[in-house]
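Below is one structure; the comments refer to it alone.
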Amino acid sequence: LDAWRRGLLRRFFRTRNLIRNGMWPTSTWNLFALVTPLTALRLADWKAVRPITDQLHKVEDLICLPTGCPVVIKSVIGSVVVGLGFFIVVLYVRRFTLRALLSYRGWMYEPPKSQSVLTLIWGAMVRIVSGRHPLLYSCQRSLPRMSVPTLRHTLDHLLDSLKPLYGEDSEEFQTLKAEAKVFEQTQGPKLQRMLVLKSWWSQNWVSDWWEKYVYLMSRSPLPINSNYYVMDQNSWIPTHRPTSRAATCIYQMMVVKQKLDREQFDPLVIRNTIPVCMAQYERVFSTTRIPGEDMDIIQHKDPSESKHIVVLRKGVFYKVNVYSPRNRPVPPQVLEKQFQSILEDAEAHQDSLCMGEESLPALTTLDRTSWAKIRMDHFSHGVNKESLDILEGAILFLSFDTHSFKD
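At position 76 of the sequence shown (counting the first as 1) the number is 76 in this note's numbering, and the numbers step up by one without a gap.
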(Lines of atoms letter the chains of each structure in order from A and count residues from 1; the text may use other names and numbers.)
(Lines give C-alpha, C1' and ligand atoms only; values in the text may rest on other atoms or scores of the structure.)
Protein backbone atom coordinates (compact mmCIF):
# COMPACT_ATOMS: atom_id res chain seq x y z
CA LEU A 1 0.00 0.00 0.00
CA ASP A 2 2.82 2.38 0.86
CA ALA A 3 4.59 1.67 -2.45
CA TRP A 4 1.33 2.28 -4.31
CA ARG A 5 0.92 5.61 -2.50
CA ARG A 6 4.47 6.68 -3.38
CA GLY A 7 3.97 5.75 -7.02
CA LEU A 8 0.70 7.66 -7.13
CA LEU A 9 2.34 10.71 -5.57
CA ARG A 10 5.20 10.55 -8.06
CA ARG A 11 2.80 10.33 -11.01
CA PHE A 12 0.81 13.24 -9.59
CA PHE A 13 3.84 15.53 -9.50
CA ARG A 14 4.89 14.50 -13.01
CA THR A 15 1.43 15.00 -14.49
CA ARG A 16 0.99 18.32 -12.72
CA ASN A 17 4.37 19.55 -13.91
CA LEU A 18 3.71 18.43 -17.49
CA ILE A 19 0.42 20.31 -17.55
CA ARG A 20 1.82 23.48 -15.97
CA ASN A 21 4.89 23.49 -18.20
CA GLY A 22 2.79 22.85 -21.29
CA MET A 23 0.43 25.73 -20.45
CA TRP A 24 3.11 28.28 -19.52
CA PRO A 25 3.21 31.31 -19.91
CA THR A 26 -0.56 30.96 -19.53
CA SER A 27 -2.17 29.09 -16.64
CA THR A 28 -5.36 27.32 -15.63
CA TRP A 29 -6.60 30.64 -14.27
CA ASN A 30 -6.47 32.07 -17.80
CA LEU A 31 -8.60 29.16 -19.01
CA PHE A 32 -11.03 29.69 -16.13
CA ALA A 33 -11.18 33.42 -16.93
CA LEU A 34 -12.19 32.61 -20.51
CA VAL A 35 -14.71 29.85 -19.83
CA THR A 36 -16.56 31.46 -16.92
CA PRO A 37 -17.66 34.70 -18.69
CA LEU A 38 -18.67 32.76 -21.80
CA THR A 39 -20.82 30.40 -19.72
CA ALA A 40 -22.40 33.32 -17.85
CA LEU A 41 -23.21 35.16 -21.09
CA ARG A 42 -24.69 32.02 -22.63
CA LEU A 43 -26.95 31.36 -19.66
CA ALA A 44 -27.98 35.00 -19.19
CA ASP A 45 -28.81 35.41 -22.91
CA TRP A 46 -28.86 39.23 -22.80
CA LYS A 47 -29.87 41.06 -25.94
CA ALA A 48 -26.72 43.19 -25.84
CA VAL A 49 -24.55 40.11 -26.23
CA ARG A 50 -26.88 38.18 -28.53
CA PRO A 51 -24.27 38.02 -31.37
CA ILE A 52 -21.87 36.23 -29.01
CA THR A 53 -24.47 33.83 -27.65
CA ASP A 54 -25.63 33.03 -31.18
CA GLN A 55 -22.10 31.94 -32.07
CA LEU A 56 -21.94 29.82 -28.92
CA HIS A 57 -25.24 28.24 -29.88
CA LYS A 58 -23.79 27.31 -33.30
CA VAL A 59 -20.83 25.67 -31.60
CA GLU A 60 -23.20 23.65 -29.41
CA ASP A 61 -24.99 22.42 -32.54
CA LEU A 62 -21.69 21.39 -34.11
CA ILE A 63 -20.77 19.31 -31.05
CA CYS A 64 -23.79 17.06 -31.71
CA LEU A 65 -24.89 16.67 -28.11
CA PRO A 66 -27.64 14.11 -27.34
CA THR A 67 -31.23 15.22 -27.87
CA GLY A 68 -32.82 16.39 -24.64
CA CYS A 69 -29.53 17.43 -23.07
CA PRO A 70 -30.19 20.15 -20.44
CA VAL A 71 -29.51 23.71 -21.54
CA VAL A 72 -27.08 24.28 -18.68
CA ILE A 73 -24.91 21.33 -19.69
CA LYS A 74 -25.00 22.34 -23.36
CA SER A 75 -24.01 25.89 -22.42
CA VAL A 76 -21.14 24.75 -20.24
CA ILE A 77 -19.79 22.31 -22.85
CA GLY A 78 -20.04 24.87 -25.64
CA SER A 79 -18.36 27.53 -23.53
CA VAL A 80 -15.57 25.14 -22.55
CA VAL A 81 -14.90 24.24 -26.20
CA VAL A 82 -14.84 27.88 -27.32
CA GLY A 83 -12.86 28.98 -24.28
CA LEU A 84 -10.34 26.20 -24.81
CA GLY A 85 -9.90 27.24 -28.43
CA PHE A 86 -9.26 30.86 -27.46
CA PHE A 87 -6.97 29.67 -24.68
CA ILE A 88 -4.79 27.69 -27.10
CA VAL A 89 -4.54 30.72 -29.38
CA VAL A 90 -3.57 32.96 -26.45
CA LEU A 91 -1.05 30.35 -25.26
CA TYR A 92 0.85 30.23 -28.56
CA VAL A 93 0.60 33.97 -29.15
CA ARG A 94 2.13 34.68 -25.74
CA ARG A 95 4.76 31.96 -26.16
CA PHE A 96 5.95 33.15 -29.57
CA THR A 97 5.73 36.79 -28.50
CA LEU A 98 7.92 36.04 -25.50
CA ARG A 99 10.37 34.12 -27.69
CA ALA A 100 10.60 37.08 -30.06
CA LEU A 101 11.10 39.53 -27.19
CA LEU A 102 13.83 37.41 -25.61
CA SER A 103 15.74 37.50 -28.90
CA TYR A 104 16.63 41.12 -28.12
CA ARG A 105 20.26 41.43 -26.96
CA GLY A 106 20.60 45.16 -26.37
CA TRP A 107 20.27 44.80 -22.59
CA MET A 108 23.59 42.91 -22.47
CA TYR A 109 25.56 45.99 -23.43
CA GLU A 110 23.88 48.46 -21.07
CA PRO A 111 24.62 48.91 -17.34
CA PRO A 112 21.63 47.96 -15.15
CA LYS A 113 21.40 51.46 -13.66
CA SER A 114 21.55 53.38 -16.95
CA GLN A 115 19.42 51.49 -19.43
CA SER A 116 17.95 53.06 -22.54
CA VAL A 117 14.25 53.77 -22.93
CA LEU A 118 14.01 51.01 -25.52
CA THR A 119 15.43 48.44 -23.09
CA LEU A 120 13.11 49.61 -20.30
CA ILE A 121 10.08 49.27 -22.56
CA TRP A 122 11.31 45.87 -23.70
CA GLY A 123 11.75 44.70 -20.10
CA ALA A 124 8.23 45.82 -19.20
CA MET A 125 6.79 43.92 -22.17
CA VAL A 126 8.70 40.76 -21.21
CA ARG A 127 7.27 40.91 -17.69
CA ILE A 128 3.75 41.47 -19.00
CA VAL A 129 3.89 38.57 -21.45
CA SER A 130 5.70 36.19 -19.07
CA GLY A 131 3.63 33.91 -16.88
CA ARG A 132 3.70 33.91 -13.11
CA HIS A 133 5.19 31.30 -10.76
CA PRO A 134 7.01 29.18 -13.37
CA LEU A 135 8.34 25.75 -12.47
CA LEU A 136 11.97 24.80 -13.05
CA TYR A 137 11.46 23.91 -16.74
CA SER A 138 8.41 26.06 -17.53
CA CYS A 139 10.36 28.63 -19.56
CA GLN A 140 12.11 26.13 -21.84
CA ARG A 141 9.58 26.29 -24.69
CA SER A 142 9.50 30.08 -24.63
CA LEU A 143 13.24 30.60 -24.97
CA PRO A 144 14.52 31.77 -28.37
CA ARG A 145 16.16 29.22 -30.59
CA MET A 146 19.90 29.43 -31.09
CA SER A 147 20.55 31.43 -34.24
CA VAL A 148 22.97 30.30 -36.94
CA PRO A 149 25.79 32.79 -37.56
CA THR A 150 26.48 33.80 -41.13
CA LEU A 151 29.03 31.82 -43.08
CA ARG A 152 31.29 34.86 -43.39
CA HIS A 153 31.11 35.44 -39.62
CA THR A 154 32.04 31.80 -38.92
CA LEU A 155 35.02 31.84 -41.27
CA ASP A 156 36.29 35.16 -39.90
CA HIS A 157 36.18 33.84 -36.34
CA LEU A 158 37.93 30.64 -37.40
CA LEU A 159 40.76 32.57 -39.02
CA ASP A 160 41.02 34.93 -36.04
CA SER A 161 41.41 31.95 -33.70
CA LEU A 162 44.13 30.39 -35.87
CA LYS A 163 46.07 33.59 -36.48
CA PRO A 164 47.99 33.52 -33.14
CA LEU A 165 48.92 29.86 -33.70
CA TYR A 166 50.35 30.16 -37.21
CA GLY A 167 51.22 33.85 -37.43
CA GLU A 168 49.49 36.24 -39.80
CA ASP A 169 52.33 36.29 -42.32
CA SER A 170 53.06 32.56 -42.27
CA GLU A 171 52.59 30.40 -45.34
CA GLU A 172 50.25 28.04 -43.47
CA PHE A 173 47.91 30.87 -42.49
CA GLN A 174 47.80 32.27 -46.00
CA THR A 175 46.91 28.79 -47.25
CA LEU A 176 44.08 28.59 -44.71
CA LYS A 177 42.75 31.96 -45.86
CA ALA A 178 42.73 30.79 -49.45
CA GLU A 179 40.99 27.53 -48.53
CA ALA A 180 38.40 29.45 -46.50
CA LYS A 181 37.65 31.65 -49.51
CA VAL A 182 37.21 28.62 -51.76
CA PHE A 183 34.98 26.93 -49.15
CA GLU A 184 32.82 30.06 -48.91
CA GLN A 185 32.18 29.94 -52.65
CA THR A 186 31.68 26.18 -53.09
CA GLN A 187 30.49 23.86 -50.31
CA GLY A 188 29.90 26.52 -47.67
CA PRO A 189 26.52 27.91 -48.83
CA LYS A 190 24.98 24.43 -49.09
CA LEU A 191 26.13 23.44 -45.60
CA GLN A 192 24.96 26.81 -44.28
CA ARG A 193 21.46 26.18 -45.64
CA MET A 194 21.44 22.77 -43.94
CA LEU A 195 22.31 24.41 -40.62
CA VAL A 196 19.56 26.98 -41.02
CA LEU A 197 17.07 24.23 -41.85
CA LYS A 198 18.10 22.27 -38.75
CA SER A 199 17.73 25.38 -36.58
CA TRP A 200 14.07 25.65 -37.60
CA TRP A 201 13.07 22.35 -36.00
CA SER A 202 15.70 22.14 -33.26
CA GLN A 203 15.78 24.24 -30.10
CA ASN A 204 19.57 24.30 -30.29
CA TRP A 205 21.08 23.26 -33.60
CA VAL A 206 24.55 22.57 -32.18
CA SER A 207 23.97 20.93 -28.76
CA ASP A 208 23.20 17.38 -29.93
CA TRP A 209 26.11 17.41 -32.39
CA TRP A 210 28.46 18.81 -29.79
CA GLU A 211 27.42 16.17 -27.25
CA LYS A 212 27.83 13.34 -29.76
CA TYR A 213 30.92 14.28 -31.76
CA VAL A 214 32.89 16.42 -29.30
CA TYR A 215 31.95 14.91 -25.95
CA LEU A 216 30.86 11.28 -26.39
CA MET A 217 33.22 10.44 -29.25
CA SER A 218 36.23 11.85 -27.42
CA ARG A 219 38.57 9.00 -26.55
CA SER A 220 40.52 10.88 -23.88
CA PRO A 221 40.32 9.72 -20.24
CA LEU A 222 37.59 11.43 -18.22
CA PRO A 223 39.68 12.60 -15.22
CA ILE A 224 40.90 16.16 -15.72
CA ASN A 225 39.51 16.33 -19.27
CA SER A 226 35.73 16.28 -18.86
CA ASN A 227 34.55 14.88 -15.53
CA TYR A 228 33.23 17.07 -12.72
CA TYR A 229 33.07 16.63 -8.97
CA VAL A 230 31.96 18.36 -5.77
CA MET A 231 34.18 19.33 -2.85
CA ASP A 232 33.31 20.70 0.56
CA GLN A 233 34.41 24.05 1.98
CA ASN A 234 38.17 24.49 2.18
CA SER A 235 38.30 27.90 3.85
CA TRP A 236 36.04 26.94 6.78
CA ILE A 237 36.16 23.54 8.47
CA PRO A 238 33.13 22.92 10.74
CA THR A 239 34.46 19.53 11.85
CA HIS A 240 37.41 17.26 11.19
CA ARG A 241 35.21 14.14 11.12
CA PRO A 242 34.83 13.14 7.46
CA THR A 243 31.71 11.09 8.18
CA SER A 244 29.91 14.11 9.62
CA ARG A 245 30.83 16.36 6.73
CA ALA A 246 29.94 13.72 4.15
CA ALA A 247 26.59 12.95 5.80
CA THR A 248 25.62 16.63 5.84
CA CYS A 249 26.64 17.14 2.21
CA ILE A 250 24.82 14.02 1.00
CA TYR A 251 21.65 14.92 2.88
CA GLN A 252 21.59 18.44 1.44
CA MET A 253 22.19 17.05 -2.04
CA MET A 254 19.29 14.63 -1.68
CA VAL A 255 17.03 17.49 -0.62
CA VAL A 256 18.13 19.40 -3.71
CA LYS A 257 17.58 16.32 -5.89
CA GLN A 258 14.07 15.81 -4.58
CA LYS A 259 13.21 19.43 -5.35
CA LEU A 260 14.75 19.10 -8.82
CA ASP A 261 12.67 15.98 -9.51
CA ARG A 262 9.52 17.85 -8.45
CA GLU A 263 10.60 21.08 -10.21
CA GLN A 264 10.18 23.04 -7.01
CA PHE A 265 13.03 25.43 -7.80
CA ASP A 266 12.40 28.68 -9.59
CA PRO A 267 14.22 29.01 -12.92
CA LEU A 268 17.21 31.32 -12.98
CA VAL A 269 16.24 34.81 -14.09
CA ILE A 270 18.58 37.67 -14.99
CA ARG A 271 17.55 41.05 -13.56
CA ASN A 272 14.22 39.53 -12.52
CA THR A 273 13.22 39.56 -16.19
CA ILE A 274 15.22 37.31 -18.54
CA PRO A 275 14.83 33.52 -17.97
CA VAL A 276 17.83 31.25 -18.46
CA CYS A 277 17.83 27.73 -19.94
CA MET A 278 17.67 25.13 -17.15
CA ALA A 279 18.36 22.00 -19.21
CA GLN A 280 21.68 21.50 -17.41
CA TYR A 281 19.82 20.40 -14.27
CA GLU A 282 18.07 17.45 -15.91
CA ARG A 283 21.06 15.10 -15.66
CA VAL A 284 22.91 16.34 -12.58
CA PHE A 285 22.15 13.17 -10.59
CA SER A 286 21.79 9.47 -11.51
CA THR A 287 23.68 9.98 -14.77
CA THR A 288 26.61 7.90 -16.03
CA ARG A 289 28.74 7.97 -19.15
CA ILE A 290 28.99 4.37 -20.39
CA PRO A 291 32.20 3.70 -22.39
CA GLY A 292 32.08 2.41 -25.95
CA GLU A 293 34.82 1.46 -28.39
CA ASP A 294 33.89 4.24 -30.82
CA MET A 295 31.43 6.39 -28.90
CA ASP A 296 30.15 6.52 -25.32
CA ILE A 297 26.49 6.73 -24.34
CA ILE A 298 24.85 8.67 -21.53
CA GLN A 299 22.71 6.63 -19.15
CA HIS A 300 20.25 8.51 -16.96
CA LYS A 301 18.22 6.63 -14.36
CA ASP A 302 14.68 7.55 -13.40
CA PRO A 303 14.26 8.74 -9.78
CA SER A 304 12.10 5.69 -9.10
CA GLU A 305 15.01 3.40 -10.09
CA SER A 306 17.94 5.23 -8.51
CA LYS A 307 17.68 5.65 -4.75
CA HIS A 308 21.18 4.80 -3.56
CA ILE A 309 24.71 6.12 -3.63
CA VAL A 310 27.98 4.18 -3.85
CA VAL A 311 30.74 4.77 -1.28
CA LEU A 312 34.39 3.90 -1.86
CA ARG A 313 36.81 3.31 1.00
CA LYS A 314 40.21 1.62 0.67
CA GLY A 315 39.22 -0.21 -2.50
CA VAL A 316 35.90 -1.53 -1.13
CA PHE A 317 32.58 -0.39 -2.61
CA TYR A 318 29.43 0.00 -0.52
CA LYS A 319 25.84 0.58 -1.58
CA VAL A 320 24.00 3.01 0.71
CA ASN A 321 20.29 3.75 0.39
CA VAL A 322 19.71 7.47 0.91
CA TYR A 323 15.91 7.45 0.86
CA SER A 324 13.63 6.12 3.56
CA PRO A 325 10.67 3.79 2.84
CA ARG A 326 8.52 6.94 2.79
CA ASN A 327 10.68 8.32 -0.04
CA ARG A 328 12.27 10.99 2.11
CA PRO A 329 16.00 11.72 2.37
CA VAL A 330 17.66 9.75 5.16
CA PRO A 331 18.59 12.13 8.03
CA PRO A 332 22.27 13.12 8.29
CA GLN A 333 22.57 11.48 11.72
CA VAL A 334 21.66 8.10 10.22
CA LEU A 335 23.98 8.64 7.27
CA GLU A 336 26.83 9.50 9.61
CA LYS A 337 26.42 6.21 11.48
CA GLN A 338 26.35 4.28 8.20
CA PHE A 339 29.48 6.03 6.95
CA GLN A 340 31.27 5.35 10.22
CA SER A 341 30.38 1.66 9.93
CA ILE A 342 31.74 1.68 6.38
CA LEU A 343 35.05 3.15 7.52
CA GLU A 344 35.37 0.51 10.24
CA ASP A 345 34.40 -2.34 7.91
CA ALA A 346 36.84 -1.19 5.21
CA GLU A 347 39.61 -1.07 7.80
CA ALA A 348 38.81 -4.62 8.90
CA HIS A 349 38.79 -5.99 5.33
CA GLN A 350 41.80 -4.11 4.05
CA ASP A 351 44.15 -7.07 4.40
CA SER A 352 41.72 -9.49 2.75
CA LEU A 353 41.73 -7.71 -0.62
CA CYS A 354 43.58 -9.41 -3.46
CA MET A 355 46.31 -7.58 -5.30
CA GLY A 356 44.75 -5.11 -7.72
CA GLU A 357 41.23 -5.17 -6.25
CA GLU A 358 41.69 -1.89 -4.44
CA SER A 359 42.83 -0.25 -7.68
CA LEU A 360 39.82 -1.19 -9.84
CA PRO A 361 38.61 2.44 -10.10
CA ALA A 362 41.83 3.22 -11.96
CA LEU A 363 40.33 1.47 -15.00
CA THR A 364 38.06 4.47 -15.53
CA THR A 365 41.14 6.67 -15.99
CA LEU A 366 42.13 4.81 -19.16
CA ASP A 367 41.25 6.09 -22.59
CA ARG A 368 37.62 5.32 -23.38
CA THR A 369 38.32 2.63 -26.00
CA SER A 370 40.59 0.62 -23.70
CA TRP A 371 38.14 0.87 -20.81
CA ALA A 372 35.27 -0.22 -23.09
CA LYS A 373 37.18 -3.34 -24.19
CA ILE A 374 38.09 -4.28 -20.61
CA ARG A 375 34.50 -3.70 -19.55
CA MET A 376 33.23 -5.98 -22.31
CA ASP A 377 35.73 -8.74 -21.49
CA HIS A 378 35.46 -8.73 -17.69
CA PHE A 379 32.33 -6.81 -16.61
CA SER A 380 29.63 -7.93 -19.04
CA HIS A 381 28.28 -10.92 -17.10
CA GLY A 382 27.99 -12.47 -13.65
CA VAL A 383 28.64 -10.74 -10.36
CA ASN A 384 30.93 -8.20 -12.02
CA LYS A 385 28.08 -6.97 -14.22
CA GLU A 386 25.67 -6.85 -11.28
CA SER A 387 28.17 -4.85 -9.25
CA LEU A 388 28.83 -2.49 -12.14
CA ASP A 389 25.08 -1.97 -12.65
CA ILE A 390 24.80 -0.89 -9.01
CA LEU A 391 27.71 1.51 -9.46
CA GLU A 392 26.35 3.05 -12.65
CA GLY A 393 22.80 3.26 -11.32
CA ALA A 394 23.79 5.27 -8.26
CA ILE A 395 22.68 8.84 -7.65
CA LEU A 396 26.28 9.83 -7.05
CA PHE A 397 29.64 8.39 -6.04
CA LEU A 398 31.23 9.23 -2.67
CA SER A 399 34.91 8.60 -2.03
CA PHE A 400 36.45 8.61 1.45
CA ASP A 401 40.08 9.34 0.68
CA THR A 402 42.79 7.93 2.91
CA HIS A 403 45.29 10.68 2.15
CA SER A 404 45.44 14.09 3.78
CA PHE A 405 47.09 17.09 2.21
CA LYS A 406 48.71 20.14 3.73
CA ASP A 407 47.30 23.58 3.05
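Glycine residues also receive a C-beta, built at the ideal position from the N, C-alpha and C atoms.
Note that the structure is a prediction, hence the values are computed from the model and not measured.
Just how far apart, CA to CA, sit residue i and residue j?
| i | j | result |
| --- | --- | --- |
| A33 | R11 | 28 Å |
| M278 | V269 | 10 Å |
| K113 | W107 | 11 Å |
| P164 | T154 | 17 Å |
| R283 | L260 | 10 Å |
| I77 | E60 | 8 Å |
| P332 | R241 | 13 Å |
| E184 | Q174 | 15 Å |
| D345 | F317 | 11 Å |
| T273 | K385 | 49 Å |
| N204 | S142 | 13 Å |
| Q350 | V214 | 40 Å |
| M376 | S218 | 19 Å |
| K319 | Q187 | 54 Å |
| C354 | V256 | 38 Å |
| A362 | L343 | 21 Å |
| K307 | T53 | 56 Å |
| P37 | L56 | 12 Å |
| A246 | V310 | 13 Å |
| R94 | S199 | 21 Å |
| L43 | V148 | 53 Å |
Out of the options, which one is the CA nearest neighbour of residue i?
| i | options | result |
| --- | --- | --- |
| I145 | V230, V93, W201, M231 | What sits at residue 145 in the sequence shown is Arg, not Ile. Of the candidates V230, V93, W201, M231, the one whose C-alpha sits nearest the C-alpha of R145 is W201. |
| Y229 | L398, V129, A178 | L398 |
| L18 | L98, L56, Y137, E357 | Y137 |
| T288 | F339, S79, N227 | N227 |
| I390 | Q115, L84, H157, Q299 | Q299 |
| A348 | K373, Y109, K314 | K314 |
| D2 | L396, S404, R99, S324 | S324 |
| R105 | T119, Q258, I290, R94 | T119 |
| Y251 | V322, G22, P267 | V322 |
| S408 | N234, L353, C354 | No information on residue 408 is available, as it lies outside the stretch 1 to 407 that the chain covers here. |
| K373 | D294, L191, V35 | D294 |
| N225 | V80, T364, H378, R5 | T364 |
| D266 | R42, W209, L135, C139 | L135 |
My assumption, with CB atoms under 8 Å, is that residue i sits in contact with residue j. Please give the rounded CB distance.
| i | j | result |
| --- | --- | --- |
| L216 | I297 | 7 Å |
| L195 | L176 | That pair is no contact at about 21 Å. |
| T39 | S75 | 6 Å |
| E336 | T402 | Between T402 and E336 the Cβ distance is about 19 Å, and since that is not below 8 Å, they are no contact. |
| G131 | W24 | 5 Å |
| P291 | W371 | 5 Å |
For this session: Within the stretch 200-225, note down every full alpha helix (DSSP H) run reaching 4 residues or more, in order along the chain.
Result: none
For this session: Just list the beta strand (DSSP E) runs in the stretch 379-407, keeping only unbroken ones of 3 residues or longer that don't cross its boundaries, in chain order.
Result: 397-400
Exercise. Hey, is the stretch 57-68 in contact with the stretch 116-126, meaning 3+ C-beta pairs nearer than 8 Å?
Worked result: Too few Cβ pairs lie closer than 8 Å, so no.
Exercise. Are the stretch 39-56 and the stretch 18-29 touching by the rule of at least three beta carbon pairs closer than 8 Å?
Worked result: no
Problem set entry | Within the stretch 76-157, ranges of the alpha helix (DSSP H) (whole runs, at least 4 residues) | 117-129
Exercise. Hey, which unbroken runs of the alpha helix (DSSP H) at 4 residues or more fall wholly within the stretch 220-262?
Worked result: 242-261
Exercise. Which parts of the stretch 302-356 are runs of the alpha helix (DSSP H), unbroken and 4 residues or longer, counting only runs that do not cross its ends?
Worked result: Uninterrupted alpha helix (DSSP H) stretches at least 4 residues long and entirely within the stretch 302-356 occur at 332-348, given in chain order.
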